[in-house]
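Residue numbers (the UniProt record's numbering): 1 to 341. Ideal Cβ placement from N, Cα and C applies to all residues, glycine included. Everything numeric in this text was worked out from a predicted model, so none of it was measured. Inspection log for the structure reproduced underneath, given as structure tokens.
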């Protein structure tokens, strides 16, 4: 199976940016990714943060024409904050607007202010997450649904808009890089999107947990997905400097909220020094040859899909397009079934 690639478009911006001023650049990135041969486009979700954030579902729908045949997905949609009937209808809408090319990337969220403002107990997020996925899948079947859970109840109802994809959009789970997260993703999802800071050695461990649980449940093989941060430059030291400056600025903004950076899974947010260590171990701030080597290592681990983010905070449009061009011309040709366009 050829390694596939997606592009995570930046949809949260520095505080002084008016997102409306960036929409044309976002469209340009989507078209460039399409022309480069990437397979998908992804956007994140947050509420009430210090960075103005375009919500992913309407923004992905707005990008659908630029994306052509590319898949469009959320990375991640904070599922416990919303009612699953609403989520089922909204993703079904995106599925219709994209011609059946939507992926529902669902995560549990972590920011206390989001949960408090939505009136949702963070202690209930796992239960709400699991019930929501069960109810959403039932609704997407198109059959009449009765659901009696601790958090959600539906009595003999049928979704108004059955998705274009049979059974609904694939559900890709966002979960922490630990055994519990891997097992939850294996049980609930059609794939697991592994966070970008997981280094190759840790990746092998958590992938084993995921695959063992899939086998135990009698579930078939799935895409094995990891995220990676990417900045390319002919000079690898310059690429590293560019990537670190922008990524560290973003980490500082995220750390204003209660990212549990005291835990191992979030240690990359704690300090600039920790972020540099994470970048050197896991991110792709390098030249094309370095990126090829790192991606080949991921492929050897069994990874089948890499979601690449090429822009954070104040990283320029020119740098994103330069990275995309180098990726198209000097990285993609090294992977089976891929070709520069």
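{"Check": "For the segment 128–174, list the beta strand (DSSP E) runs that are entirely contained and at least 3 residues long, ordered along the chain.", "Outcome": "145–148, 153–157, 171–174"}
{"Check": "What whole-angstrom Cβ distance do residue 59 and residue 103 have, given they're in contact under 8 Å?", "Outcome": "In fact, because the Cβ distance is near 15 Å, the residues do not count as touching under 8 Å."}
{"Check": "Considering just the uninterrupted stretch of the beta strand (DSSP E) at residue 43, what are its terminal residues?", "Outcome": "40–43"}
{"Check": "With DSSP run on the structure shown, which of helix, strand or coil describes residue 6?", "Outcome": "strand"}
{"Check": "By Cβ distance, which residues of its chain are closer than 6 Å to residue 184, with the 5 residues on each side in sequence left out?", "Outcome": "175"}
{"Check": "Suppose you measure from the CA of residue 262 to the CA of residue 198; what does that come to, to the nearest Å?", "Outcome": "Note on residue 262: pLDDT 41, under 50, position unreliable in the model; the coordinate value appears next. Answer to the nearest angstrom: the Cα atoms are 16 Å apart."}
{"Check": "Here's the rule I'm using: 16 or more other beta-carbon atoms within 10 Å means buried, otherwise exposed. How should residue 204 be labelled?", "Outcome": "exposed"}
{"Check": "Enumerate in chain order the residues of its own chain whose CB-to-CB distance from residue 309 is below 6 Å, with the five nearest sequence positions on each side excluded.", "Outcome": "8, 229"}
{"Check": "Can you list, in chain order, the residues of its chain whose CB lies under 7 Å from that of residue 330, leaving out five sequence neighbours each side?", "Outcome": "288"}
{"Check": "Tell me the DSSP secondary structure of residue 306 in three-state form.", "Outcome": "strand"}
{"Check": "Provide the residue span of the beta strand (DSSP E) that contains residue 215, from first to last.", "Outcome": "Not the beta strand (DSSP E): residue 215 falls in the alpha helix (DSSP H), residues 200–216."}
{"Check": "From the DSSP output, in three-state form, read off residue 98 for me.", "Outcome": "coil"}
{"Check": "Does DSSP put residue 91 in a helix, in a strand, or in coil?", "Outcome": "helix"}
{"Check": "Can residue 100 and residue 145 be called in contact, C-beta distance under 9 Å?", "Outcome": "no"}
{"Check": "Look at the alpha carbon of residue 239 and the alpha carbon of residue 273, and state the distance between them as a whole number of angstroms.", "Outcome": "17 Å"}
{"Check": "Under the rule that 16 or more other beta-carbon atoms within 10 Å means buried, what is residue 128, buried or exposed?", "Outcome": "buried"}
{"Check": "Rounded C-beta distance between residue 95 and residue 200? I'm assuming under 8 Å.", "Outcome": "Actually they do not touch by this definition, with Cβ atoms about 34 Å apart."}
{"Check": "Residue 135 and residue 154 - do their beta-carbons sit closer together than 9 Å?", "Outcome": "yes"}
{"Check": "Measuring straight from C-alpha to C-alpha, what distance separates residue 206 and residue 2?", "Outcome": "22 Å"}
{"Check": "Quick one: complete alpha helix (DSSP H) runs, 4+ long, within the segment 230–257?", "Outcome": "236–254"}
{"Check": "For residue 41, count neighbouring C-beta atoms within 10 Å of its own C-beta (all shown protein chains included) and say buried if the count is 16 or more, exposed if not.", "Outcome": "buried"}
{"Check": "Whose C-beta lies closer than 6 Å to the C-beta of residue 137 among residues of the same chain, with five residues either side of it excluded?", "Outcome": "none"}
{"Check": "Using a Cβ-Cβ cut-off of 6 Å (strictly less than) and excluding sequence neighbours within five positions of residue 52, which residues of its own chain qualify?", "Outcome": "13, 19"}
{"Check": "Less than 9 Å between the C-beta atoms of residue 311 and residue 65, yes or no?", "Outcome": "no"}
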